[in-house]
Each structure stands twice: as structure tokens, then as C-alpha cells.
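Listed in order, the protein sequences are those of chains A and B.
Under our numbering, think of the first position of the first sequence as -17, with each following residue one higher.
Under our numbering, think of the first position of the second sequence as 956, with each following residue one higher.
Shown next, in C-alpha cells, is the structure this report addresses.
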Amino acid sequence: MTERSPFRNLAVAAVGGWLTVFVILPNLMTLATSFLSRGEVEFAILPITFSSYRELAGPEFLRMFLDSAWLALGAAMACLAIGYPFAYILARLSPKKRKLGLLFVIIPFWTNSLIRTYALITILNANGLLNKVLLGLGLISAPLDILYTETAVFIGLAYTLLPFMILPLYASIEKLDPRLIEAARDLGAGSFQTFFRVSLPLTLPGIVAGTMLVFLPALGMFYVPDVLGGSRSLLVGNFIRNQFLTARNWPLGSAASVLLTAIMALLLAVYYFCNKRVRREAAA
Amino acid sequence: METSSPPCIELERVSKSYGDLTVIHDLSLRIHDGEFLTFLGPSGCGKTTILRLLAGFERPTTGRLRIRGQDVTGEPPNRRAVNTVFQSYALFPHMTVFENAAFGLRMRRKSKEEIRVRVEEALRAVKMLSFAGRRPSQLSGGQQQRAAIARAIVNKPAALLLDEPLSALDAKLRKEVQLELKELRRKLGITFVFVTHDQEEAFSMSDRVAVINHGVIEQIDAPNVIYETPKNLFVARFVGEINVFDGVAVSQNGKVLDARVEGRPCRLNAGERRYAPGQKIKTLLRPEDIRLEKANGETPDGLFGVVADTVYKGMTIDLIIETDGGKKISATEFFNEDAPEAMFEKGERVRVDWVEDWEVVLPDDGA
Ligand SMILES: Nc1ncnc2c1ncn2[C@@H]1O[C@H](COP(=O)(O)OP(=O)(O)OP(=O)(O)O)[C@@H](O)[C@H]1O
Ligand SMILES: [Mg+2]
């Protein structure tokens, strides 16, 4: 088992090197930068200070963070509402159709997501597809001003991240034993009761995993609000991006990054421990 | 047979097809209140399909289905007064044994107190009360089985449907649970509709057995009737070992049929059937009805053969006889400890006879 082949050593070194150079070092540098002061030319200079964090502790950042979290949560819930029935139908299709359906979920991944976001503009703008359809159906009398609003950002986030919701949901719904559903029906449960008492609790791991996979990236995603939200909505992701590229306040941007990473890590930890407890309860 | 109260379950000319494949053919059947009825048949004959039709998971393609006199042909499973014990148990993994058992009552919005009393009663009946707080994954196969039974009987259904509920248990536990199920049925008075492909299991538990083949009931009768007077070759062969002799009818007088069996003249009991002279017949004999005697040149007529093999079974000994015509016959003899010299040995020449009247004669339908 502990055989040391040269190939193995090489593989371990390559992976370790990759992680060090592209993950650990940048994160450490960000962490270090967040404690430095702002410089005119050098981006970040000594002395060491907590002023960036103090700045973030103010109400503006908190409000921005809550705004972002609210929007990300909304996107996650929208994905859940659309993704659950989708994944449910997908998991109940014949194996051949199922593969085809999964392919349709995955195909958008092959297109650059920035390009897809720009494509959304042509759908959402005043004389875009959405308005034309709604006008044509007579549902509205004047074109909706969706583009460059929070609604557009919300639609963009939900659209971009939907596959991350569908895939874990699909995995857990597919594992759901159809005989349990039959058992529930047999014992007198109607369709609603069967869903809420059997299907939903048993696919909860997929729901939680999907929600995390949508919520966390949505929290930090900056190009979608940038492209679809115009300058009106400032979210955490854009704030960080602005500190680095526009305001040139690297320590503040770093501090915000660290904070965001820490919050995400905290959420992941909570998820991990809950999951572990649930699994221990089910297995022990 | 006709009583004033309607039968517990009634199938009227029920057929079920999947596309071009017809799985159940024109099945009519009445299951009486409190009866233990078993569907017995080979794999793929449609046993599970019949139960699923009764439970409401499948709709019949044609025909009607009544439970306690009420037409339920179009009703979904949750509106039928029957409960299923699934082969895989299908216990809800996220609920304790208690919660599993309480599920049906909760669906019917019973009061907390009533639920507690009835669930405890059901769990006690299957000796699972001490496991009430456990989850299915913390139970052995046999315990899961009991929990599944408790979950069904707690609802006091008109009938309990059991699809091979014992097939996952080992032989010893199986025997135990068989006895317990019988006992439980006696105590509860619920109609049991049981499915198995194990002949012994069907016979030991049921009031009536329906032998199914290719979606048709070949025979439905009490176990001893099926065993002793099978209606056709399929039933005869499916319910235990049987020897089949070819023959030709010669003349019949009432029940007495003179015939040639394996080329030898014989006098047979034809029962209610009539045979024309020259008609081909089959004579069936269970191994335990065969009598063997050592051949000694004095009795020239009869069927002769050689002991090809002996299989010691403890109480009995199975003998494989190869007749002069080249047919293999099996015969079961009780082991005679007092006269071991009376036992037959391999290679010995024997005369094959049988207990008079215990033969079953059927027309040779080419099967
Ligand atoms: N959903 C279905 N679609 C198509 N054919 C089916 C379906 N369900 C069952 N069948 C077919 O119907 C026939 C009877 O199946 P059924 O499950 O009732 O057999 P069974 O007697 O229970 O067999 P076993 O002893 O193996 O459980 C089989 O030939 C099976 O292939
Ligand atoms: Mg079956």
C-alpha cells in the first residue's frame, strides 16, 4: 500500500505544488494584505493595522452584505422552486431520456458564463424577448424596465446557478426509493402528504447541498450584478472588485474578501456538522 | 358458498396488460372474510401484479375490483381499505419504528392518544414494542419485517397483502415468522392475501391456495386438495415432486378405468373424468405413494426397475428407480430401523406398485 513509485511522488508533488501556488499562497497573501495600510504607489504598505476591518464593521458594509445575502438567498430559493420539479421529473424519466435531460442541464456549462450573461441583456431589455412575449400575450401594456435593476440581477444569478441546484437535487431524488412513496400511499397518504412527509425529508440533503451551491457563489459573484445591474446595485462581490480595480484600496478589498471567505467557511462548517449528525443518526 | 355479506375482496374478470404483453388474463376470484389465501406460482407468473392491482398501484386494463362490496376499480391506493407488507419492507428510513407504525393513523388524523394506544398494541402483537424508538437501519432483517407488519396491521385493514414477505429471511427465522403470521391472523381475524413461490410455505399457512401460471389461476383449493388431486399436470408438477406415467385407456366402467400404464395392464381410479378407449392418459403418483417390493421371479406382471440411487433424508429415504422402460421414478420410503435388511440397495431389482386409489389420472394434453 505504501509503495513509493516515482509516478506517485510526482503526482503528489504536482497537486501539492498547484494547491500551494494557486490556493494557499494567494489566500495567505490576501490575509496578510488585509492587515496592511493603503499606499499610493505600492498598493499596500506597512504599518500593520486593523483599520480595514474597522471600516467594514460600519453599517454600510453590513447593509451591503445583507443585501447581497438577501439576493443570493432569493436566487437560491428561485433555483429550488424551479429545480426541484425539474430534477424530480428528470429522475423519473426512462434511463435514456434521463441522460438526454442531464445533457441539456450541463450544455450551458460549455459556454462562457460571461457570454451567457450578456445574452440575457438582449432578453431582458426594453424591446427584448421577454417584453415582446409579455406584450404579445397582452399581460402588460408597456414594456417592463427590468434591465439594470435588482430583478435583472436576481434573474441572472438564478439562471447562471440553476444547474448547481438541479444536479445535487437530481442525485438525491434518484436515490429516493419509489417503493417508499408507494408505501406512503398505501398507508393512506394523499399526494401532498406523501410529498411533505416522505419525499421532501428524504431529499433534504440534496436540497441543502443545492442551496449551498447556489447561495455561496451568488454571494460573491460580481460579473452578473455588473453586467445586469448596471451601477445601481452594489453587492459584496462588486465592492471587493471595486476596491482592487477602481478605488485601489487593496487592504480594504482584502479584508472584505477574508470576511466573505470566513462567513462562507462558517456556513460550510455548519452544513458539514449537521450533515454528519444526520448521517450518524440514520446509520448508528 | 354464497353468503349474505359480500366477500372481502372480489375480482371480476380482471385483466392487466403492459402494452402488448397481457400479464393477467380474465381473472375472477372471491376472497372470503378472514381467509388466508395464497397465490402460488413460478417467477413472472403475475403474483406481484395481482397484489398491486388489489392495493391500487396498478389499474386493471379490463374488469372490476370490489373490496367489501364496494367498487374500488378506479380508487387510488390511499382510498382502499387494504394494506401492503412489501417484500423489501419499505420502512421509512427517517422515522423510528413507532413513527413508521403511526404513519397510517396520522394520515387519518387520529388523536394522539388513540395513536399511542393502537401503535403500542400493534408493536406488542409483533413483539417489537421494545424497539419502538429505533430507526429501521438499526434493526435486523427479521425485526424490520415485524415493524413492516405492525405498520400495516395497525390500520385494521379489510385485508393484509403480503408479497413474499419472508423471502429475505433465513430458513429458521422463516419457519418462526410463518407460525407467528398464522397466529397473528387468528388473533386479528384480518384477511391475509399472501404471495409466494414456495410450495411448502403456501401449504403450511393457507386456507386456500391459488396456483397461478402465466396470469391464469390453474387451480384454487385447500392445500390438501391441490396436493392430492391436482387438476392438471402443471399444478401436479408445481406442488411437490411427482412421478408421471404414460398410458392408454382401454375401457371404463364408472370410476374404474382399465388401462395400460407404461405398457402394463392396470386398473385405475379415474375419478369423475371419462376416457374413450384408446385415449392417451397420464397417471400421476407422489413419491410417498409408491410402494416397492423386491423382485422375485414369482410375480411376472407389474412394473419393474432397478434402484439407481438412494438418498438418505433422516426420517425417510428417497430411492431413484430406473424402470425397464428407461424412466426415472422417485419413491420415498420410511426408514425402518427394526429391519434394516428390508431396505433397498443400489442396483437391486424391484417391482414398482402404489397404494391403491391414490393415483391421479389425467388426460394427456401433450404437456
Ligand atoms: N411495469 C411493467 N411493465 C411491463 N411488464 C411488467 C411490468 N411489471 C411486471 N411486468 C411483467 O409482468 C409479468 C408478471 O410480473 P410479476 O412481477 O407479477 O411476477 P411475479 O409472479 O411476482 O414474479 P416473481 O415471483 O419473480 O416476483 C412479468 O413477465 C413481468 O415482466
Ligand atoms: Mg413478485
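Just so it is clear, CB atoms sit at the ideal spot from N, CA and C, and this is done for glycine as well.
Note that this is a predicted model, so its numbers are computed, not measured.
Would you give the residue range spanned by the beta strand (DSSP E) that residue i belongs to?
i: C1221/B; result: R1219 to N1224
i: S970/B; result: I964 to Y973
i: W1309/B; result: R1304 to W1309
i: P1318/B; result: V1315 to P1318
i: T1330/B; result: Nothing about residue 1330/B can be read from this structure; chain B reaches only from 956 to 1322.
i: S1159/B; result: Element bounds for S1159/B: not the beta strand (DSSP E) but the alpha helix (DSSP H), Q1154 to M1160.
i: K979/B; result: Sequence inspection shows Ile at residue 979/B; the Lys mentioned does not correspond to that position. Element bounds for I979/B: L976 to I986.
i: F1147/B; result: T1146 to T1151
Hey, residue i and residue j: beta-carbon distance below 8 Å or not?
i: L116/A; j: I122/A; result: yes
i: L1139/B; j: R1129/B; result: no
i: F991/B; j: F1147/B; result: yes
i: M147/A; j: C61/A; result: yes
i: I1245/B; j: G1202/B; result: no
i: S34/A; j: P187/A; result: no
i: T99/A; j: T133/A; result: no
i: A165/A; j: R179/A; result: no
i: N1168/B; j: F1200/B; result: no
i: V1145/B; j: P1112/B; result: Residue 1145/B is actually Ile in this sequence, not Val. In this structure, P1112/B lies closer than 8 Å to I1145/B by Cβ.
i: V1164/B; j: L1117/B; result: no
i: D159/A; j: A1045/B; result: yes
i: V1316/B; j: A1225/B; result: yes
i: G56/A; j: F177/A; result: no
i: A1204/B; j: Q1234/B; result: yes
i: G65/A; j: L75/A; result: no
Using a Cβ-Cβ distance under 8 Å, would residue i count as near chain A?
i: A1087/B; result: no
i: R1063/B; result: yes
i: A1010/B; result: yes
i: N1110/B; result: yes
Need the endpoints of the alpha helix (DSSP H) that residue i sits in, please.
i: E1075/B; result: K1067 to A1080
i: Y152/A; result: E132 to K157
i: K1127/B; result: A1126 to L1143
i: R98/A; result: S95 to L106
i: Q1098/B; result: G1096 to I1108
i: V202/A; result: The sequence given here has Gly at residue 202/A, not Val. Residues L186 to G202.
i: K1186/B; result: It is not in any alpha helix (DSSP H) - K1186/B carries neither H nor E in the DSSP assignment.
i: I1167/B; result: Premise fails: I1167/B lies in the beta strand (DSSP E), R1163 to N1168, not in any alpha helix (DSSP H).
i: E37/A; result: S33 to L38
i: E1173/B; result: That residue, E1173/B, is in no alpha helix (DSSP H); its beta strand (DSSP E) goes V1171 to D1176.
i: L82/A; result: P77 to I88
i: F178/A; result: Run containing F178/A: none; DSSP gives neither H nor E here.
Please classify residue i: does DSSP put it in a helix, a strand, or coil?
i: G1018/B; result: strand
i: A1114/B; result: strand
i: R1215/B; result: strand
i: N1038/B; result: strand
i: D1279/B; result: coil
i: K1210/B; result: coil
i: L249/A; result: helix
i: V1043/B; result: In the sequence under discussion, the amino acid at residue 1043/B is Ser, which differs from the Val named in the question. Reduced to three states, the DSSP call for S1043/B is coil.
i: E1248/B; result: strand
i: A1231/B; result: coil
i: N109/A; result: coil
i: I6/A; result: helix
i: S123/A; result: coil
i: V1266/B; result: strand
Is the shortest distance between the beta-carbon of residue i and the beta-carbons of chain B less than 8 Å?
i: Q175/A; result: yes
i: L162/A; result: yes
i: A171/A; result: yes
i: A165/A; result: yes
i: G188/A; result: no
i: N257/A; result: no
i: P77/A; result: no
i: L184/A; result: yes
i: V115/A; result: no
i: V87/A; result: no
i: D168/A; result: yes
How would you list, in chain order, the residues of chain D whose beta-carbon sits under 7 Å from the beta-carbon of residue i?
i: V180/A; result: The chain labelled as chain D is not found among the protein chains of the depicted structure, namely A and B.
TODO: Taking only beta carbons into account, state which residues of the region 1032 to 1061 of chain B come closer than 7 Å to chain A, listed in chain order.
DONE: Of all residues in the region 1032 to 1061 of chain B, P1032, N1033, N1038, T1039, F1041, S1043, A1045, F1047, P1048, H1049, F1058 and G1059 have a Cβ within less than 7 Å of some Cβ in chain A.
Task: Contact residues within the region 131 to 159 of chain A, judged by C-beta distance below 8 Å to chain B - done: Within the region 131 to 159 of chain A, the residues whose Cβ lies closer than 8 Å to some Cβ of chain B are D159, listed in chain order.
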